[in-house]
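Using the UniProt record's numbering, the final residue of the sequence shown is 191, and nothing's skipped along the way.
Glycine included, C-beta positions come from ideal geometry on N, C-alpha and C.
Some notes on the structure that comes next.
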Amino acid sequence: DKSTVIFKYQNTTAFLTSDKLELKADHVDINPHYSESMEIDTFTMHLDFEQSATSTEENAAGGETGRGRLRSHSGDKNNTNNNKARTLPVYNNSGIAGFEAGLEEISKIHPVMPIPAQTEELISQGLDAHYTPIALQLANNDHHYAARLVEMMQRRREELTCTTTTSNTTAVADSEDLEYTTAQSAESEIG
């Protein structure tokens, strides 16, 4: 029942590190039925995550985390900041700027690190140096799949660039039409 959901936050556990995460109102979807009764400016939710017992046992046995190639990328390798909440940055979430900022944020918190040799190999094959590292992360260092992801990212960038250009052109055309219509109305009232 949608009326019982006050707010929701969605993410994949592959991107969540074992620490505290602080979410402000702009990082959760708030049900419109409840938004007016909530103090959005002071809304804060803390999510507390623990490392899974499976990955802890694998690390103790000298194995790697997760599916064999996953490594922690929380930024705090010694876990010295356990009690400090990590806040998500606020950034432009629309158009090309939102696309780039989203990829950058995913790259920062993704547990898979790109293998430098594969990154260099894909770039030497002519793939975009900007998108290759994040594509390798998302593809779990499978360079064939990463190459396809880079192509998809480039197409998306082109689509967003075209959309932004078209939107700006439309906005200029609309403002010119408005000025023309306003001028015509003023002339007819005077005449």
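Cβ neighbours of residue i in the same chain (closer than 8 Å, five flanking residues each side left out)
i: residue 69; result: Reliability of the predicted coordinates at residue 69 is poor, the pLDDT of 33 falling under 50, and the value obtained from them is presented with this limitation in mind. Once the five neighbours on either side are set aside, the close Cβ partners of residue 69 are 112, 140, 141.
i: residue 5; result: 31
i: residue 103; result: 131, 134, 153
i: residue 129; result: 123
Where residue i sits in the DSSP three-state scheme
i: residue 122; result: helix
i: residue 152; result: helix
i: residue 46; result: strand
i: residue 26; result: helix
i: residue 127; result: coil
i: residue 19; result: coil
Check whether residue i and residue j have beta carbons under 8 Å apart
i: residue 134; j: residue 115; result: no
i: residue 18; j: residue 39; result: no
i: residue 46; j: residue 24; result: no
i: residue 138; j: residue 118; result: no
i: residue 44; j: residue 22; result: yes
i: residue 143; j: residue 121; result: yes
i: residue 96; j: residue 161; result: yes
i: residue 195; j: residue 155; result: No answer is possible for residue 195: the residues shown for the chain start at 1 and end at 191.
Range covered by the alpha helix (DSSP H) that runs through residue i
i: residue 101; result: 95-109
i: residue 134; result: 132-138
i: residue 3; result: No alpha helix (DSSP H) contains residue 3, which DSSP labels as neither H nor E.
i: residue 37; result: Where residue 37 is concerned, there is no enclosing alpha helix (DSSP H), given that its DSSP letter is neither H nor E.
Close beta carbons around residue i, own chain, < 6 Å, minus the five adjacent residues each side
i: residue 10; result: none
i: residue 28; result: 7, 9
7 Å CB neighbourhood of residue i in its chain, flanking five on each side removed
i: residue 127; result: 147, 150
i: residue 145; result: 139
i: residue 48; result: 20
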